[in-house]
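In this note's numbering, the protein residues as written are 3 to 222. To start, the structure under review is shown below, and the notes come after it.
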């Protein structure tokens, strides 16, 4: 590691900083609150399984998960997301990974959350965790109302790598001096790009790749 260069610590959100998936939990929350029909619970389950297998159609899932927000203002959405966070997510913060994040912060490293989850959710969680830099699937607004569309690319797989690479280059960091913590095989492109890839509670596919490549694995 070049100690004269700024160091960036990147953290995935779902099943890394959180013990759970915020996109998945949000859909179930909306069903429980009667914003979405009960029949969508199984569809949500199917998308969740596709993500775990590394086969999620992110365009289809985004249309599905953002449909309830179409036409809402940012203020209305933040009120909803705030209730969702405190009722469903606050208890799922992975304090072990959060302590790793704080360890980087104490060393003067910059912190970035990089998540495929939509920006409506990631922006609020990042604020709650005291992290002001994040990359997510950016939801588009028109005339101050949510459109339900995502600005391409989505922050999934290669798309996350593209977005983080742009951030790294613009902010003056380098991948060789960057850490990335993730649980998911979907993050293989970014894990392969950084100098310090760390698998946190990895899924079966990522565990296999991590063992093959000799990447650090943390389980808790």
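Think of the CB as a built atom: it goes at the ideal place given N, C-alpha and C, for glycine as much as any other residue. Predicted model, so just to flag it, every value in this text is computed and none were measured.
Original post:
Under the DSSP definition of a beta bridge, which residues are partnered with residue 199?
Top reply: Answer is 182.
Original post:
Is the distance from the Cβ of residue 31 to the Cβ of residue 67 below 8 Å?
Top reply: The answer is no: Cβ separation not under 8 Å.
**OP:** Might you give, ordered along the chain, the residues of its own chain that have their beta carbon closer than 7 Å to the beta carbon of residue 178, omitting 5 neighbours on each side?
**Re:** Cβ within range, chain order: 197.
**OP:** Per DSSP, which residues does residue 123 bridge with? Please list them.
**Re:** Partner(s): none; residue 123 has no beta bridge.
Original post:
Does the Cβ of residue 27 have 16 or more other Cβ atoms within 10 Å, making it buried, or fewer, making it exposed?
Top reply: The residue is buried, with at least 16 neighbouring Cβ atoms inside 10 Å.
**OP:** Under 8 Å by Cβ, that's how I've got residue 119 and residue 25 pegged, so tell me the actual separation to the nearest angstrom.
**Re:** Right, the Cβ-Cβ distance comes to about 5 Å (below 8 Å), so this counts as a contact.
Original post:
Which residue's Cα is closest to the Cα of residue 169: 59, 82, 129, 115?
Top reply: Among 59, 82, 129, 115, the Cα nearest to that of residue 169 belongs to 115.
Original post:
What are the start and end residues of the alpha helix (DSSP H) that includes residue 105?
Top reply: Residue 105 -> alpha helix (DSSP H) spans 97–108.
Original post:
So residue 117 and residue 14 are in contact, right, with Cβ under 8 Å, and what is the actual spacing, rounded?
Top reply: Indeed they touch by this definition, with Cβ atoms about 6 Å apart.
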